[in-house]
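The opening position of the sequence shown corresponds to residue 0 in numbering that gives the first Met the number 0, with each subsequent residue numbered one higher.
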Amino acid sequence: MLVVFTSCGLAFVISHQTQAATTANAPDVATELKHPYESVGQYQVEQTDESWRDGARDRTVPVRIFSPKANTSTTNDAASLFPIILFSHGLGGSKAGGKAWGEHWASHGFIVVHMQHGGSDESVWKGKREADVVADMKSAMSMNNLGLRVGDVHFAIDEIIKRAHAKNPLFIRADTSKIGMSGHSFGAQTTFAVAGQNSPNVRGQTGLDKRIKAAIALSPNARNKTNLDKQFGDIRIPFFSITGTLDGEVLNDKTEPIHRTLPYKHMSANNKYLLVLADGDHTIFGGHNPGARRGTMPRDNEIKRLVKSSSLAFWQATLNADAKAVRWLQDSKVGFKSALLTTDIFEFK
0 MLVVFTSCGL AFVISHQTQA ATTANAPDVA TELKHPYESV GQYQVEQTDE SWRDGARDRT
60 VPVRIFSPKA NTSTTNDAAS LFPIILFSHG LGGSKAGGKA WGEHWASHGF IVVHMQHGGS
120 DESVWKGKRE ADVVADMKSA MSMNNLGLRV GDVHFAIDEI IKRAHAKNPL FIRADTSKIG
180 MSGHSFGAQT TFAVAGQNSP NVRGQTGLDK RIKAAIALSP NARNKTNLDK QFGDIRIPFF
240 SITGTLDGEV LNDKTEPIHR TLPYKHMSAN NKYLLVLADG DHTIFGGHNP GARRGTMPRD
300 NEIKRLVKSS SLAFWQATLN ADAKAVRWLQ DSKVGFKSAL LTTDIFEFK
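This is the structure:
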C-alpha cells in the first residue's frame, strides 16, 4: 500500500498495486494500427492562458485554451468551424490538468477550454503544512464548491458564445452549437451535474446546461449511492465513463473501483459508453504525467493511448456526427475493442 501525493497535492491510497515502477515498452506496429484516433491530428495547437471575470458572481475563472491552428496541411480548411470542449480538473488541481487530453483533442480540430475552479483548486493545498492537507482537501469536496463549479461551467459557455459573436480571435471559428463537457474526479462530478444528474442532497436539483451535447467523465463516481436510477437516469446526452481497475479510494473515502462504474450502469440507454482499463489508477486519468508523482506503471503509456483514441472517437461520433467514428467504437472485431486486453472492459448501450 502506497500513499501518494499528486501534483495537485491530493493524497490518496493506491491499493493492490505491487508492480515495480518501470517504463512501458514502446508499442509495436500492430498495436499502433489498432489506434487510428491516437495519432496527433493535422492541426498545430496553440496554448493561451486567460482569466475571465464573472461580475454577476464576483468570481474569476482562470482558463487555459488549446486552439487548433491552420498550417500547410490545412490551408483548404479555412472555412470550417471547430466544436468546443470544456474540461474541469479534479480536487486540488488547476487549469493545467488534463493537458494530454486537451492537446490531443485540439490537434484534431476542437477548441478545448480548461477551467480552474477557485475553492477546490490548487489553493487548497499550496503553501500548507502536509499535516493539514488531507483535512483541507476533504473540506473542499463540498456541495458548495460543486455549486461554484457548475456556475463556472455555465459562465464559461456564456463567455465562449459572447466571444465567438464578437469575433474574438480565439473563438472566431468556434461552433457554439457543438459543445462537449469533460472532467476528472471532482471534475467528473461537475460533468455529471451539468449533464443532468439529479442530486439527492438538494431535493433533485440539477445544474443541467442544455447547450452541452455530449460528455466524458474520467474517474467518475456515485458519491451518494442512494436512488441511483433517479440520479443518473435523466442524463439524456451521449456520455462516456472512463475508469480503471485500480481507480479506487481518494482521501480515504472508501470508494472501490467498481463504484466508478455505477453512474453508467444507472443511466438510460442511448449513446452511453463505459471503459474500464486494467491497472488504470486515479492519477493516470488526470491527463498529466503520473510518473513523477507515483512512479511509472507498466501500462501507463498504453492507457494514455487508449484514452486519447477512444475519447477522440467519441467526440467525433457525437459532436461531429462522424459515422466512421461510431463504427470504430462499436465494431468488436476491427474497432476499438480489438485493441484492448481481455482484462479490459468496454461496453455501450
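Yeah, the Cβ is synthetic: ideal placement off N, Cα and C, and Gly gets one too.
| Asked | Found |
| --- | --- |
| Among I236, L217, G97 and A316, whose alpha-carbon lies nearest the alpha-carbon of T244? | L217 |
| Grab the span of the beta strand (DSSP E) containing S66 for me, first residue to last. | R58 to K68 |
| Based on Cα-Cα distance, which residue from P35, I83, Y36 and W51 lies nearest to L318? | I83 |
| In chain order, what residues of the same chain lie with their CB nearer than 6 angstroms to the CB of S331, ignoring the 5 residues before and after it? | none |
| Count the other C-beta atoms from every protein chain shown that fall within 10 angstroms of the C-beta of A130, then say buried if there are 16 or more, exposed otherwise. | exposed |
| Can you give, in chain order, each stretch of the beta strand (DSSP E) that sits fully within the region 97 to 132 and has at least 3 residues? | 110 to 114 |
| Spatial neighbours of W355 within its chain, please: CB distance less than 6 angstroms, with the 5 preceding and 5 following residues excluded, ordered by chain position. | Absent from the structure is residue 355, since the part of the chain shown begins at 0 and ends at 348. |
| State the start and end residues of the unbroken alpha helix (DSSP H) segment that holds R148. | M142 to H164 |
| Given N270, which residues of its chain have a CB within under 6 angstroms of its CB, disregarding the five upstream and five downstream residues? | P237 |
| For the candidate residues S93, E102 and W104, whose alpha-carbon lies nearest to that of K125? | S93 |
| Check whether the Cβ atoms of F185 and S119 sit closer than 8 angstroms, and answer yes or no. | yes |
| Does DSSP put A55 in a helix, in a strand, or in coil? | coil |
| Tell me the rounded alpha-carbon separation between P26 and E301. | Confidence is the limiting factor: at P26 the pLDDT is only 42, short of 50, which leaves the residue's position unreliable and the question unanswerable from this model. |
| How would you call L274, buried or exposed, if buried means at least 16 neighbouring beta carbons within 10 angstroms? | buried |
| Can you check whether the CB of S308 is closer than 8 angstroms to the CB of Y36? | yes |
| Skipping 5 residues on each side, what residues in its chain have a beta carbon closer than 7 angstroms to that of N197? | G203, T205, K229, Q230 and D233 |
| For P96 versus H183, is the C-beta distance shorter than 8 angstroms? | Note that residue 96 is Gly in the sequence shown here, rather than Pro. Against a cut-off of 8 angstroms, the Cβ pair of H183 and G96 comes out as a contact. |
| Could you give the first and the last residue of the continuous beta strand (DSSP E) run that contains G186? | Careful: G186 lies outside any beta strand (DSSP E), inside the alpha helix (DSSP H) at F185 to A194. |
| Any idea if A322 is buried or exposed, counting beta-carbon neighbours within 10 angstroms, 16 or more meaning buried? | exposed |
| Let's test the definition: count the other Cβ atoms within 10 Å of the Cβ of A139 and tell me whether it reaches 16, buried, or not, exposed. | buried |
| When we look at the beta-carbon of E45 and count the other beta-carbons within 10 Å, is it buried (16 or more) or exposed? | exposed |
| Out of G91, H116 and M114, which one is the CA nearest neighbour of T127? | It is Lys, not Thr, that sits at residue 127 in the sequence shown. Per the Cα distances, G91. |
| State the start and end residues of the unbroken alpha helix (DSSP H) segment that holds Y263. | L261 to K264 |
| If I measure Cβ to Cβ from A312 and keep anything under 7 angstroms in the same chain, skipping five residues before and after, which residues do I get? | Y36, A324, W327, L328 and F335 |
| DSSP on E255, reduced to helix/strand/coil? | coil |
| In the DSSP assignment, the beta strand (DSSP E) including E346 goes from what residue to what residue? | I344 to F347 |
| So what's A95 in DSSP terms, helix, strand or just coil? | coil |
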